[in-house]
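One structure is given below, encoded as structure tokens.
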Amino acid sequence: MLMEKSNGITTIVESASTFSNLTNYIMKKLMMSMAVALVASVSMANASAISTSSPFAKVVNQEKVEIKPEELPDPVKAALAAEPYNAWQVQKAFQVPGENGANTYEVALVKGEETSTAKFDKDGKVIE
């Protein structure tokens, strides 16, 4: 846009043309920014609606509850009385709720300075 000044009108037209191009550029960028912000806000709102109301979302509260070792099911007690657990002493026992109401049992064991944890299902089978 380098033009010789022939009169004041050419300079005004040149400035108006530059200003118009600049305004168009700014408006395009502003519109694109607004479109991106709108899409982002709609997708975030949609994502939060899906995650809280989805029929496939299932929250399982798996907080373990400490129980007395005597309250362990008989098959778990039998497994603890057999090899390799019979050399260990039960320090703590926990009942862990699972899916479909199936509980598992976590047992903290101690043998001298060594500690270990074993997990069992209700039938006394070791869970790895």
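Numbering-wise, the numbering used here puts 1362 at position 82 of the sequence shown, and it's gapless, one number per residue. Using N, Cα and C, we set each Cβ at its ideal position, and we do this for glycine too.
Distance, residue j Cα to residue i Cα
i       : j       : result
Met1312 : Glu1408 : 54 Å
Lys1399 : Asn1366 : 15 Å
Lys1348 : Gln1371 : 10 Å
Ala1320 : Val1376 : 40 Å
Ala1358 : Glu1379 : 24 Å
Leu1310 : Thr1303 : 10 Å
Asp1354 : Leu1360 : 10 Å
Val1356 : Asp1401 : 8 Å
Glu1343 : Ala1315 : 44 Å
Glu1350 : Val1322 : 55 Å
Endpoints, the alpha helix (DSSP H) within which residue i is located
i       : result
Leu1352 : That residue, Leu1352, is in no alpha helix (DSSP H); it is neither H nor E in DSSP.
With 16 other Cβ atoms within 10 Å as the buried cut-off, status of residue i
i       : result
Ala1382 : exposed
Val1390 : exposed
Beta bridge counterpart(s) of residue i as assigned by DSSP
i       : result
Asp1403 : Looking at the DSSP assignment, Asp1403 forms no beta bridge with any residue, so it has no partner.
Ala1398 : Val1387
Val1345 : Gln1375
Residue i, DSSP secondary structure in three states
i       : result
Ala1373 : strand
Gly1381 : helix
Asn1362 : The sequence shown places Ala at residue 1362, rather than the Asn named in the question. Here Ala1362 sits in coil by DSSP.
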